[in-house]
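Student: Before I ask anything, here is the structure I am working with.
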Amino acid sequence: MKNKLKLVLSLVLLLPILLLAACDVTQYYTITCLSSDETLGRANGGSDVAKAEGTAISLSVTELSPQSHPFVCWIKDYSKIVSFEQNYSTTYSAQTQGSYTAFFEEDVSNVGYAIITDISIEGVDSGTIQIQYANSNSSTNYRTLENLSFDDGAGQTDRSNLIYFGGASGSDGRNEFIFRAIITVPTSSGGTTNYTIMFDSTLIGFSTAGQGQASFDSQGQCILTGTNSNNIEISISFSKLSNALFEE
């Protein structure tokens, strides 16, 4: 009886230790990096080797033509600007794992990234707006590009969210996107009303636009417009990614 009691007490004492050990499993993640164009600059510091969570990592760039093609920013997973510093430090985690692109200034005709610079709305004065986009080949899989408040018919983005059209050479595919806006406005009764606006054209990143398409001009600018049956009209201004967008 005493032996059984000792065994039970031992198990009770060991159980928290065993549970703690089971929960304390180290997670491993990968952070890779690449250059937007290897002829303009190099990205350093990333690796395909998984590292333990919390491990420090420093990414850096080597500019090959700093006067004409300087470094602009680090882009995570082809969709978000995370730093304008050449030396970018972080730690491995579920949030930071992924691919980081060192983007270098180049001719707008070769740039595969674009950003929303301005949103203009007519027909409603204030509320919130989501700008969503999807590849024209999978029009049901929408992703949110911007989610912000607007007032007096205008909304300002933080200029960190990007859309990626692919490489200028077309070797990694070319993306064509459709857009929609979901507007939520307050009502006099204290509730809200939602409106969905589809845009007139799809957006392409390279070449000349065909029927039903919009493309960027020689300055890397493009405007999409959309109207719904409630006479709400939205204009979205896009710009190809460049240093000039972030200069004060």
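The numbering of the sequence shown is my numbering, which starts it at 1 and goes up by one. Glycine residues also receive a C-beta, built at the ideal position from the N, C-alpha and C atoms.
Within 8 Å, do at least three Cβ pairs link the region 31-49 to the region 59-73?
Tutor: Judged by Cβ distances under 8 Å, the region 59-73 makes contact with the region 31-49, as three or more pairs qualify.
Student: Classify Lys-114 as buried or exposed, calling it buried when 16 or more other Cβ atoms lie within 10 Å of its own Cβ.
Tutor: Residue 114 is actually Ala in this sequence, not Lys. Answer is buried; the Cβ neighbour count reaches 16.
Student: Find out if the Cβ-Cβ distance for the pair Leu-162, Lys-80 is shorter than 8 Å.
Tutor: In contact: Leu-162 and Lys-80 (Cβ atoms closer than 8 Å).
Student: Report the rounded CA-to-CA distance for Thr-26 versus Asn-135, giving the unit in angstroms.
Tutor: Rounded to whole angstroms, Thr-26 to Asn-135 spans 37 Å at the Cα level.
Student: DSSP puts Glu-233 in a beta bridge; with which residues?
Tutor: DSSP, once it has assigned bridges, lists Glu-122 and Thr-227 as partnering Glu-233.
Student: How is Leu-203 classed by DSSP in three states: helix, strand or coil?
Tutor: Strand at Leu-203.
Student: May I ask you to report which of helix, strand or coil DSSP gives Phe-84?
Tutor: Of the three classes helix, strand and coil, the one that applies to Phe-84 here is coil, per DSSP.
Student: Taking C-alpha atoms, which residue in Trp-74, Pro-70, Ser-201 and Gly-45 lies nearest to Thr-39?
Tutor: When only C-alpha atoms are compared, the closest one is Pro-70.
Student: Do Gly-226 and Val-185 count as a contact pair if the criterion is CB distance below 8 Å?
Tutor: It is not a contact, given that the beta carbons lie outside the stated cut-off.
Student: Rounding to the nearest angstrom, what Cα-Cα distance links Asn-147 and Ile-129 in this structure?
Tutor: In a straight line, the C-alpha of Asn-147 is about 6 Å away from that of Ile-129.
Student: With DSSP run on the structure shown, which of helix, strand or coil describes Ala-244?
Tutor: Three-state result, Ala-244: helix.
Student: Taking Thr-157 as the reference, which of Asn-87, Gly-45 and Ser-237 has the closest Cα?
Tutor: When each option's Cα is compared against that of Thr-157, the closest is Ser-237.
Student: Just the C-alpha distance for Thr-30 and Ala-154, rounded to the nearest angstrom, thanks.
Tutor: Their Cα atoms are separated by approximately 40 Å.
Student: Could you pull out every residue in the same chain whose Cβ sits closer than 7 Å to the Cβ of Thr-208, ignoring the five residues on either side in sequence?
Tutor: Cβ neighbours of Thr-208 beyond the five flanking positions: Ser-215.
Student: Less than 8 Å between the C-beta atoms of Ser-242 and Val-82, yes or no?
Tutor: No.
Student: Between the C-alpha atoms of Val-49 and Tyr-92, what's the straight-line distance to the nearest angstrom?
Tutor: So the alpha carbons of these two residues sit roughly 12 Å apart.
Student: Asp-48 lies in the beta strand (DSSP E); which residues open and close that run?
Tutor: Per DSSP, Asp-48 belongs to the beta strand (DSSP E) from 47-52.
Student: Given a cut-off of 8 Å, decide if Gly-54 and Gly-112 are closer than it, judged by their beta-carbon atoms.
Tutor: Result no, Cβ atoms of Gly-112 and Gly-54 do not sit closer than 8 Å.
Student: Kindly list the residues whose CB is nearer than 8 Å to the CB of Phe-103, restricted to its own chain and excluding five residues on each side of it in sequence; keep chain order.
Tutor: Contacts found: Ser-36, Phe-71, Val-72, Cys-73, Trp-74, Ile-75, Tyr-113 and Leu-241.
Student: Do Gly-123 and Asn-230 have their beta-carbon atoms positioned less than 8 Å apart in this structure?
Tutor: Yes, the pair counts as a contact, with Cβ atoms nearer than the cut-off.
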